[in-house]
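Here the structure is laid out as structure tokens; the discussion comes afterwards.
Protein chains: 2
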Amino acid sequence: MAEDVPRRRPTLDEVAELAGVSRSVASRALNDAPHVSRAKREAVRQAVRRLGYVPNPTARALATRQTGAAALVVSGEDPSIFADPFFAQVLVGALAALEEADLHLTLCLAASDRGRKRVEELFRSRGADGVMLMALRENDPLTRMAEEATMPVVFGGRPVGAVPRWFVDVDNVGGAREATEHLIARGRTRVATICGRLDTEVGRARYRGYRDAMLAAGLEPLPPQEGDFTERSGAAAMAALLAGHPGLDGVFAANDNMGAGALRTLRAAGRAVPADVAVVGFDDLAVAEVADPPLTTVHQPIQAVGREMARMLVALVNGEDPTPLILPTRLVVRSSA
Amino acid sequence: MAEDVPRRRPTLDEVAELAGVSRSVASRALNDAPHVSRAKREAVRQAVRRLGYVPNPTARALATRQTGAAALVVSGEDPSIFADPFFAQVLVGALAALEEADLHLTLCLAASDRGRKRVEELFRSRGADGVMLMALRENDPLTRMAEEATMPVVFGGRPVGAVPRWFVDVDNVGGAREATEHLIARGRTRVATICGRLDTEVGRARYRGYRDAMLAAGLEPLPPQEGDFTERSGAAAMAALLAGHPGLDGVFAANDNMGAGALRTLRAAGRAVPADVAVVGFDDLAVAEVADPPLTTVHQPIQAVGREMARMLVALVNGEDPTPLILPTRLVVRSSA
DNA sequence: GCTCCCACTGGAAGCGCTTCCAGTAGCACT
DNA sequence: AGTGCTACTGGAAGCGCTTCCAGTGGGAGC
């Protein structure tokens, strides 16, 4: 239907002229705003189609002071944090929700100094209508930036040592407690944990859940055996646990990767799973299903985290005041425990 | 150093006034452009710092007609395509390269109709300075959009049935050939392949490489046994192959996920790897290293793909004319072959 | 037939920046 | 002193859109 092929992209002025209306009317017609007669609305529609007009988002952004974009900022030293399937899922959820609100997604990695500087600029220049923040570390400089920000900020997970105004998290304590209770219910009494990095809130929370469950059952919790959420670190931690507590009969790993690593070490050590040692993971990623034996684990609604973060941000951008969200987890029993 | 705390963000006008210069001079000073005396340059610097001035990127974008953003568009029905660690790595590489060029990254998923419409709008409205396109299918509507686009477009991998003007790909044919040759060199003569989706160029290319190597060795290539790049599909394909060709002694899987699935099926079928059946994968993802036995595979520089795509795009945005890139692969020998 | 009201209209003023261009000043040379 | 530079300078015109506001006309009500 686009008939003319102008070298320059048509502007609203040209649409207005072709439609025989003023630019104001054309603008209003375009945005389904009131105060435009039926006839002119139609004329504008025609002109738009004839010229193949598409509004210039930059100009619109300048006039409305809304960029039409939300930023997802991922902190952390290691850029390969993205490789974590966890993030991929959050991303998918967030993208879906932003699509509904017709916002774009700007992805930022605050790993290098340069990266952090760019994020700071994003905050200070209002280069996005709002920001979703993930994977903050203890004393993360992003925390300060978020505090000083003049636009809405939603946290994914809680940062260490602070409860932000708006966040979406999963019930890490509850999930870890349920996992540990499951081990105890299966008759295990010498249950250890491979916990995640204790400089993250998720690492701490899952250890807390383990500890709570042990104490509640009158058992003695072991001190944290720390891993960094990778398969390799899980294997190493398991080896350390076996060395220090040869008699253990249950392990709660703070995520599936480490759980899989633990399985590997146990297999190599000749311990049968679950007969000798029962293992429970956390996350319910693909690796849990494929592990040998398939890993009993705590399912968390990862896409929902992304989706709810985005929805919360959209609500904030629209001037609402949503409440923080803690999503429930659910134990998925497979063969390892 | 920011002394005044204005409710409104300061504008360039205010900076200029405080520095005692005109807005033009202030603008030039800010952008390190010529025709500004040393003294005024310094005065502007001072004013910027005193006011805590940060330029408004939207206004700049409108004036320069450059958005300062590159888009990464991922096609495909299934949003969980992101969960593929492959994409995560590409993303990391692209982000790093864009950071160098001081461009932002807008991530778009063209999975739903709505998503595709938004991408089309992005193209037509020039909502980005350039676009990186990935995971196109046969007759993908994105191909047409890319052709009609008025901004630079770089392809990641090649679409089926067309060679785009600018793309970054890995040497899929060569890698697959090398993998198959490795099996043949190990004395395997009844080598099958679990190929990827044949409606993607990567699926076809890897099958072609397998076929070439077989023919070159005077062996008869088997018809493609298709999977969809998932572990599950690899396991199923392996089962089908065992049923149809019980005597096979080698398998080239078109990616590591399917290779791992094949290992699972072989283990279940009581075939020893590599003694009875040797297996080679493709990608060299984490799963290959962790597989049992560790998977011999074709390494491809995934981050480099993202990095080079972004660099190529930056070059195009800067008016250069880069040449397409095909990155080399490399066989990584582990225990499975 | 006259007033009043209201839906609609379009001119104009922005949004905050870049950049063209017509100057202006200062300086070294004739 | 006059010329021709070079190096800066700042006014002004955009970039393409939204939105305020002062009309304008036509219909309803009396």
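Going down the list, the protein sequences come from chains A and B. First residue of the first sequence? That's 1 in our numbering, and the numbers climb one at a time after it. First residue of the second sequence? That's 1001 in our numbering, and the numbers climb one at a time after it. Quick reminder that beta carbons are idealized off the backbone N, C-alpha and C, glycines included.
The beta-bridge partner set that DSSP reports for B/Thr1329 is empty.
One finds Thr106, Leu107 and Cys108 in chain A with Cβ atoms closer than 8 Å to the Cβ of B/Leu1105, taken in chain order. Restricting attention to A/Val154, A/Phe167 and A/Val74, the CA atom closest to the CA of A/Arg137 is found in A/Val74. For the pair of segments examined, the segment 50-66 of chain A was found not to touch the segment 260-276 of chain A: the number of CB pairs separated by less than 8 Å stays below three. A/Leu142 has a beta carbon lying at 8 Å or more from every beta carbon in chain B.
Here the C-alpha atom of A/Thr230 lies approximately 25 Å from the C-alpha atom of A/Ile184. Out of A/Leu295, A/Ala94, A/Asp78 and A/Ser125, the CA that lies nearest to the CA of B/Gln1089 is found in A/Asp78. C-alpha of A/Leu241 to C-alpha of A/Val290: approximately 24 Å in a straight line. At a cut-off of 8 Å, the C-beta of A/Leu62 has a neighbouring C-beta in chain B.
Annotation: B/Lys1040 to B/Ala1019 spans about 8 Å, alpha carbon to alpha carbon.
When DSSP states are grouped into helix, strand and coil, B/Gly1218 belongs to the coil group. Taking each of A/Asn318, A/Thr329 and A/Val333 in turn and checking the Cα distance to A/Met151, the smallest one comes out for A/Asn318. Rounded to whole angstroms, A/Arg211 and A/Asp292 show a C-alpha spacing of 27 Å. Straight through space, the alpha carbons of B/Arg1118 and A/Leu98 are spaced by roughly 11 Å.
Listed along the chain, the chain A residues whose CB falls inside 8 Å of the CB of B/Glu1099 are Leu109, Ser112, Arg114, Gly115 and Arg118.
Within chain A, no residue has its beta carbon less than 8 Å from that of B/Ser1233; the closest one is some 13 Å off.
In terms of beta-carbon proximity, B/Glu1121 lines the interface with chain A, with at least one pair separated by less than 8 Å.
A contact is defined here as three or more CB-CB pairs under 8 Å, and the segment 1165-1175 of chain B fails this definition with respect to the segment 1100-1108 of chain B. For the segment 1196-1226 of chain B, there are no residues whose beta carbon sits under 7 Å from a beta carbon of chain A. In the structure shown, B/Gly1174 falls within a helical segment according to DSSP collapsed to helix, strand and coil. Contact between B/Ala1253 and B/Ala1262 holds, with the beta-carbon distance rounding to 5 Å and staying under 8 Å. Within the DSSP secondary-structure output, B/Met1145 pairs in no beta bridge. Taking the CA atoms as reference points, B/Pro1328 sits about 5 Å from B/Asp1171.
If the five residues before and after A/Val333 are omitted, its C-beta is found closer than 6 Å to the C-beta atoms of Thr296, all from its own chain and listed in chain order. In this structure, DSSP gives A/Asp283 an extended state, which the three-state scheme calls strand. Assigned with DSSP and collapsed to three states, A/Gln66 falls in coil, not helix or strand. Of the candidates A/Glu226, A/Thr180, A/Asp102 and A/Asp256, the residue whose Cα lies closest to the Cα of A/Met214 is A/Thr180.
The C-beta of B/Glu1147 has fewer than 16 other C-beta atoms within 10 Å across all chains shown, which makes the residue exposed. Within a 10 Å sphere around the beta-carbon of B/Asn1257 sit 16 or more other beta-carbons, which makes this residue buried. Inter-residue distance for B/Arg1008 and A/Val25 is about 30 Å (C-alpha atoms, whole angstroms). The beta-carbon distance between A/Ala239 and A/Thr265, rounded to whole angstroms, is 5 Å. This is short enough to meet the 8 Å contact definition. Taking B/Ala1205 as reference, the option from B/Met1309, B/Gly1157, B/Ala1236 and B/Asp1102 with the minimal CA-CA separation is B/Gly1157. Not flagged as an interface residue toward chain B: A/Val279, since no C-beta distance is shorter than 8 Å. In the structure shown, B/Val1251 adopts extended strand secondary structure according to DSSP, grouped into three states. The beta carbon of B/Thr1058 falls within 8 Å of a beta carbon belonging to chain A, placing the residue at that interface.
DSSP, reduced to helix, strand and coil, places B/Met1151 outside both helices and strands of the structure shown, so it counts as coil.
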